[in-house]
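Residue numbers (this note's numbering): 618 to 1075. Single-structure report; data block below.
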Ligand code: SAH
Ligand code: SF4
Ligand code: F3S
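So this is what it looks like as structure tokens:
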């Protein structure tokens, strides 16, 4: 049934290609949100290119404007409405089609707002109807009426959509969709549906093809990757092992695991496979057992520290990165100090810090004691200060070491320099010839900074 659905969409792609024949048409895409959304956008780009559209970087030149939205925090929302306003002008000038998709479209109050104040859009689709984009677009092109294609279901998996990837060295592969965890602050379970895992064969075949195409680094993606369930007792650790067996793939990463599901077999798999990145993302969210309980994270401060310690004991070269939310409702000074305490103890190599943002429909939004903005900001700044100090100290440890790095391309700020990453995800820039791009090489680190290290080919 699912295959039939994709075949049907491929027919729509052909029909649109026919309509577009002989014209030079451009699309502009803006992706907000996480790597899962980026991966979805790569599929949208794949479909559009097969329809005959070419990508452009400037919205003003586009015949089709596409926004892939996120609603994880309020600032992601604010950004969209500004951009849709800009797109309106382009539509008035050259008749561009405006399509809006992704997580935010699964929220009722957003749809109401769009229909009331931004009703000039052409297509709206959600997280469960992305694969139907060709059909929706075809209806707009043919009938010139607008489409709102949103469904609220647990979700299905569709294989075989075309894909156009952003990069030639690194590729993301979604292994599971949705989330069942219902952390009390988080909107994702409401907009992405229930957890569902792709078949292991589909994942491994996709990665084998990527390896043949020359990709060196694979990131396995999911909202909760380590709850991957491939059936017949085939779990995330088995998948990791099998991905590492694929020749020509040099680096394997995964995002995001949940500490509660970080089982010993996963630790063993990391230990036994040098291809797996030596930076492990272990989202903490808060260091206070009290707050973690209210967040519905299902681990305590002590259990988190114990897990980090166990991983470090088994794999001493591992470092950690994390996500932290400050200003969760009812968070008190002593709770925040627990967060600072965990940051000090685990000595994270990278910390993604967020100010708590109220999300309509979540349990935390209904909690009475929301934290005033100035306290949230004050705590955020204190955390940032501590994190930056630690990162600076950690970076100094790299000086004089030889690192095996994957060369990603020319440095964005200086095209005389190349940029690469260590197996702990540190950016290294160094002088080198273009032919080193997409190769694993050794560099010696000679200088450190907050955002990158400087090296020389060794
Ligand atoms: N599934 C992943 C990632 C979720 S979204 C995980 O569980 O780690 C990425 C990060 O956004 C989360 O880890 C959390 O730190 C942050 N986040 C989620 N909801 C938020 C909210 N309402 N306010 C602020 N930050 C939030
Ligand atoms: Fe959100 Fe928690 Fe699911 Fe991550 S695990 S997506 S934070 S509900
Ligand atoms: Fe945002 Fe959706 Fe990802 S809400 S963080 S784009 S899953």
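From the three backbone atoms N, C-alpha and C, an ideal C-beta is built for every residue, glycine too.
Are residue i and residue j close, meaning C-beta to C-beta below 8 Å?
i	j	result
residue 686	residue 720	yes
residue 645	residue 697	no
residue 886	residue 827	no
residue 669	residue 634	yes
residue 757	residue 689	no
residue 1008	residue 775	no
residue 860	residue 823	no
residue 986	residue 946	yes
residue 976	residue 804	yes
residue 723	residue 795	no
residue 941	residue 956	yes
residue 960	residue 1003	yes
residue 630	residue 806	no
residue 741	residue 717	yes
residue 916	residue 876	yes
residue 814	residue 792	yes
residue 743	residue 693	no
residue 1071	residue 1054	no
residue 888	residue 931	yes
residue 802	residue 912	yes
residue 890	residue 858	yes
residue 938	residue 966	yes
residue 643	residue 660	no
residue 928	residue 866	no
residue 564	residue 761	Within the shown structure, residues of the chain are numbered from 618 to 1075, placing residue 564 beyond reach of any answer.
Residue i: buried (16+ other C-beta within 10 angstroms of its C-beta) or exposed?
i	result
residue 870	buried
residue 933	exposed
residue 989	exposed
residue 1067	exposed
residue 768	exposed
residue 726	exposed
residue 599	Lying outside 618 to 1075, the shown extent of the chain, residue 599 is not represented and no answer is given.
residue 654	buried
residue 811	exposed
residue 1020	buried
residue 748	buried
residue 595	The structure shown has nothing for residue 595, since the chain only spans 618 to 1075.
residue 903	buried
residue 638	exposed
residue 843	buried
residue 1010	exposed
residue 784	exposed
residue 567	The structure shown does not extend to residue 567, since the chain spans only 618 to 1075, so no value can be given for it.
residue 833	buried
residue 680	buried
residue 845	buried
residue 944	buried
residue 657	buried
residue 648	buried
residue 695	exposed
residue 755	buried
Got a sec: is the Cβ-Cβ distance from residue i to anything in chain B below 8 Å?
i	result
residue 850	Of the chains in the structure shown, none is chain B; there is only one protein chain.
Does at least one heavy atom of the ligand ATP sit under 7 Å from the Cβ of residue i?
i	result
residue 783	In the structure on display, the ligand ATP does not appear, and the ligands it does have are the ligand SAH, the ligand SF4 and the ligand F3S.
Kindly provide the chain-ordered list of residues whose Cβ lies closer than 6 Å to any non-hydrogen atom of the ligand SF4.
Taking a cut-off of 6 Å from the heavy atoms of the ligand SF4, the residues with a C-beta inside it are 796, 798, 799, 800, 803, 805, 806, 840, 841 and 875.
Does the structure place the segment 816–835 close enough to the segment 724–734 that three or more beta carbon pairs sit under 8 Å?
no
Quick check on the DSSP output: what are the complete alpha helix (DSSP H) runs of length 4 or more inside the segment 683–737, in order along the chain?
The DSSP assignment places complete alpha helix (DSSP H) segments of no fewer than 4 residues inside the segment 683–737 at 691–711 and 725–734, in order along the chain.
Report yes or no: do the segment 1026–1044 and the segment 886–898 share at least 3 C-beta pairs separated by less than 8 Å?
yes
Only counting runs of 3 or more residues, tell me where the beta strand (DSSP E) segments fall wholly within the segment 833–881, in order along the chain.
834–838 and 868–872
Do the segment 1028–1036 and the segment 1001–1014 touch if we need at least three Cβ pairs shorter than 8 Å?
no
Could I get the ranges of all uninterrupted beta strand (DSSP E) runs contained in the segment 939–973, with 3 residues as the minimum, in chain order?
List check, beta strand (DSSP E) in window: 967–972.
Suppose only complete runs of 3+ residues qualify. What are the beta strand (DSSP E) ranges in the segment 994–1068, listed by chain order?
Counting only runs of 3 or more residues that sit fully inside the segment 994–1068, the beta strand (DSSP E) segments are 1019–1027, 1034–1038, 1044–1048 and 1057–1065, in chain order.
Pairs of beta-carbons, one from the segment 969–984 and one from the segment 917–925, closer than 8 Å: are there three or more?
no
Segment contact, 8 Å Cβ cut-off, at least three pairs: the segment 1048–1061 with the segment 952–969:
no
Whole alpha helix (DSSP H) runs in the segment 771–833 with 4 or more residues, listed along the chain?
DSSP runs (the alpha helix (DSSP H)) wholly in the segment 771–833: 805–809 and 817–829.
Go through the segment 632–688 residue by residue and report every complete run of the beta strand (DSSP E) that reaches 3 residues or more, in order.
Given a length threshold of 3 residues, each whole run of the beta strand (DSSP E) inside the segment 632–688 is given here in chain order: 642–648, 670–672 and 681–686.
Any beta strand (DSSP E) of 3 or more consecutive residues that is wholly inside the segment 890–932:
896–898
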